[in-house]
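full-length UniProt numbering numbers the first residue of the sequence shown as 1 and each following residue consecutively.
Here the structure comes first, spelled out in structure tokens, and everything after it is commentary.
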Amino acid sequence: MRVSTGMRIFRAFNLVFLLFVVFLTVYPFLNIIAQSFSSEGFINAGQVNLFPMGFNTETYKLILADSTFWTNYGNTLLYTVVATAISMVLTTSFAYAIAKKDLKGRSVFIGLAVFTMFFNGGLIPNYVLISSLGMRDSIWAVVLPNAISVFNLLIMKSFFENMPRELEEAASIDGLTQYGILFRVVLPLSKAIVATMVLFYAVANWNSWFQAFLYLDNPDLFPVTIYLRNMIAGVTTAGSAGGTAENVGQIAANIQSVTIVLTVIPILCVYPFVQKYFFSGVMLGSVKE
């Protein structure tokens, strides 16, 4: 098929535009990586862009030798795994139930879920509630309050609604209960949407810091995002983290960029394994017949 001149021009323009968008998206992260490996003088002079200047790993050595960083890192892994598991169980169960059009009170349950997207009890009532339930200064204060994202719930609901009812009817005739249909028929056919929701929840939980900042007092329970926040706020100084008089300036110059790089590595490692499901999962859950 012969491609017209106009189409060639359009494709060339489209390619250049998309490459420009990619550059704008990737540049901040590349700059952070470059700063994390650069020397103090070049960073303070604003000479670091895409490549490290005066290669230096002093701050990496300090952070990786800090036991508090590894303790907080382990906490973040634990919180992310537990919170994502709880969120997936609750979201999948809720979405599957309200996807049934013959469910009594279905509109009420959907309305209650949507209502929470626009209104909530407020910071102080939430704090009082968590405290009265005895969850302060524990893992549950971090993993339970935001267990269900209504946005994710509605995507899964739409996906389940679009599944052929004949499959469930056939499974029911074969003697499967609703739980059997869900676990043996529906979920095996929902890998794309499940992987997408796992990614959404995992990234949100990994990056979350406000819940921990609000409800946790014990530093040994802090996630690594609080560690990062303390670095940015200057609460944890290079000296208290183990820096010496000789390297305190270097550490102060790029400790933020080093910590950012170390905290995003796990997400970068996980994303390639689920990205093939990402686009198809969102589209399957957002298009209604």
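By construction, the Cβ of each residue, glycine as well, lies at the ideal position given by its N, Cα and C atoms.
- Within the same chain, no Cβ atom closer than 6 angstroms to the Cβ of Gly74 is found once the five residues on either side in sequence are excluded.
- Taking every protein chain shown into account, the CB of Ser257 has 16 or more other CB atoms within 10 angstroms, so this residue is buried.
- Contact between Asn152 and Thr91 holds, with the beta-carbon distance rounding to 6 angstroms and staying under 8 angstroms.
- For Gly111, same chain residues with a beta-carbon under 7 angstroms away, outside a window of 5 residues either side, do not exist.
- Note that the C-beta distance between Ala95 and Lys157 is below 8 angstroms.
- Judged by their CB atoms, Asn49 and Asn31 are nearer to each other than the 8 angstroms cut-off.
- With the rule of 3 Cβ pairs closer than 8 angstroms, the region 34-41 counts as touching the region 53-60.
- Counting other Cβ atoms within 10 Å of its Cβ, Ala170 stays below 16 and is therefore classed as exposed.
- Taking Pro188 as reference, the option from Leu167, Tyr201, Ser172, Ala202 with the minimal CA-CA separation is Leu167.
- A distance below 8 angstroms separates the beta carbons of Thr259 and Leu228.
- Contact between the region 210-224 and the region 131-151 is established, with three or more Cβ pairs separated by less than 8 angstroms.
- If you check the CB distance, Asn230 and Thr80 do not come in under 8 angstroms.
- In this structure, DSSP gives Asn218 a state outside helix and strand, which the three-state scheme calls coil.
- Relative to Val128, the option among Ser190, Tyr215, Val89, Thr177 whose CA is nearest is Tyr215.
- Exclusion of the five residues before and after Ile98 leaves Arg106, Phe109, Ile110, Lys157 as the residues of its chain whose Cβ lies within less than 7 angstroms of its Cβ.
- Of the residues Thr225, Tyr271, Leu24, Asn254, the one whose Cα lies closest to the Cα of Phe69 is Thr225.
- In the displayed model, Val48 falls within coil according to three-state DSSP, outside both helix and strand.
- The C-alpha of Arg11 lies about 29 angstroms from the C-alpha of Tyr271.
- Under the three-state reduction of DSSP output, Ile181 falls in the helix class.
- Ranked by how close their Cα comes to the Cα of Met135, the residues Phe29, Ala212, Val22, Pro266 have Ala212 in first place.
- Within the model, the alpha-carbon separation for Phe273 versus Pro266 is close to 12 angstroms.
- Taking a contact as a CB-CB distance under 8 angstroms, the pair Pro145 and Ile130 counts as one, their CB atoms being some 7 angstroms apart.
- Assignment of Thr259 by DSSP, reduced to helix, strand and coil, places it in the helix class.
- Distance from the CA atom of Gly175 to the CA atom of Ile193, rounded to whole angstroms, is 26 angstroms.
- Residues Arg136, Asp137 of the same chain have their beta carbon placed closer than 8 angstroms to that of Asp217, with the five preceding and five following residues left out of the count.
- Annotation for Val143: the continuous alpha helix (DSSP H) segment containing it runs 140-143.
- About 25 angstroms separates the CB atoms of Val143 and Phe160; that is not less than 8 angstroms, and the two are not in contact.
- Between Ile63 and Leu262 a beta carbon distance of about 7 angstroms is seen, short of the 8 angstroms cut, so the two are scored as contacting.
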